[in-house]
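As structure tokens, the structure follows; a few thoughts come after it.
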Amino acid sequence: MFGKNNLEFQKNKKNTLMLKRWKYEIAQMLNIRISTRYFWESKFKGILKPAVRKIYSEVEKQEKIAEFDKLKKEFKTRTEGMSYDMKKIDEKIAQKLGVCRTTFYNWKNEIGILKKQKRHTEAEKAEFVKQFYKIEEENPKMNKEKIAQMLNIPLPTINFWKRQFLNKADNGGPIDNVQWHGG
74 MFGKNNLEFQ KNKKNTLMLK RWKYEIAQML NIRISTRYFW ESKFKGILKP AVRKIYSEVE
134 KQEKIAEFDK LKKEFKTRTE GMSYDMKKID EKIAQKLGVC RTTFYNWKNE IGILKKQKRH
194 TEAEKAEFVK QFYKIEEENP KMNKEKIAQM LNIPLPTINF WKRQFLNKAD NGGPIDNVQW
254 HGG
């Protein structure tokens, strides 16, 4: 029995010495001190382990998505009126469920749950911009953000459309008789 344990001890000692030598050589190749290499190793210990990917069935995916959405909805109702970085909240919920946040969105996209953005025709865009200017003209003190909310279009989108039409007008393209103002 003593001989077997001694043999294992010698084997482990040899492996440990080889590992130390290997770590020392890596430090030399990187032109750093061995203590720096050990510091890095301790700092990034959990990060450097390879991830194990689990393959989920369609049913498991849908269950996880439902749980994710349920937890997200619960969080939103508990914190109504407060502002949070939803990306970080999504990451924490996903971490709790053991799946990456982007994986959830990929699954939702595969299944077709994600909302598709509404695409507007050029005529619709021009009409929204006309309405925006009309409301702005009638209520000069009204905040532009409020006007955009009334039209149910984000303000950056309206500003983008305005620039689009101004560029077309500058290049001699048709602008659908939109009345342009300075801003």
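Residues 74 to 256 (the working numbering) are what the sequence shown spells out, left to right. Where a beta carbon is used, it is the ideal one built from N, C-alpha and C, also for glycine.
Inter-segment contact for the region 159 to 167 and the region 138 to 151 is present: three or more beta-carbon pairs are separated by less than 8 Å. With at least 16 other beta carbons inside 10 angstroms of its own, Lys-198 counts as buried. The Cβ atoms of Gln-204 and Leu-228 lie no closer than 8 Å to each other. Here the alpha carbon of Ile-231 sits roughly 27 Å from the alpha carbon of Tyr-178. Annotation: the continuous alpha helix (DSSP H) that includes Met-159 extends over 159 to 170. Looking from the CA of Ser-108, the closest CA among Lys-219, Tyr-97, Phe-117 belongs to Tyr-97.
No residue range can be given for Glu-153, since it is assigned to no alpha helix (DSSP H) and is classified by DSSP as neither H nor E. In its chain, beyond the 5 residues on either side, Tyr-129, Leu-170, Val-172, Phe-177, Trp-180 have a beta carbon closer than 8 Å to the beta carbon of Lys-137. Looking at the backbone, the Cα of Tyr-206 and that of Ala-242 are separated by about 17 Å. Annotation: Gln-222 to Asn-216 spans about 10 Å, alpha carbon to alpha carbon. If you check the CB distance, Ile-226 and Phe-201 come in under 8 Å. The Cβ atoms of Arg-94 and Ala-100 lie no closer than 8 Å to each other.
For the set Lys-145, Gln-168, Glu-210, Lys-214, the Cα lying nearest the Cα of Met-159 is the one of Lys-145.
Glu-147 and Asn-182 have their C-alpha atoms some 22 Å from each other.
Bounds of any alpha helix (DSSP H) do not take in Lys-214, whose DSSP letter is neither H nor E.
Around the C-beta of Phe-238, 16 or more other C-beta atoms lie within 10 Å, and the residue is accordingly described as buried. In the structure shown, the three-state DSSP call for Ser-130 is coil.
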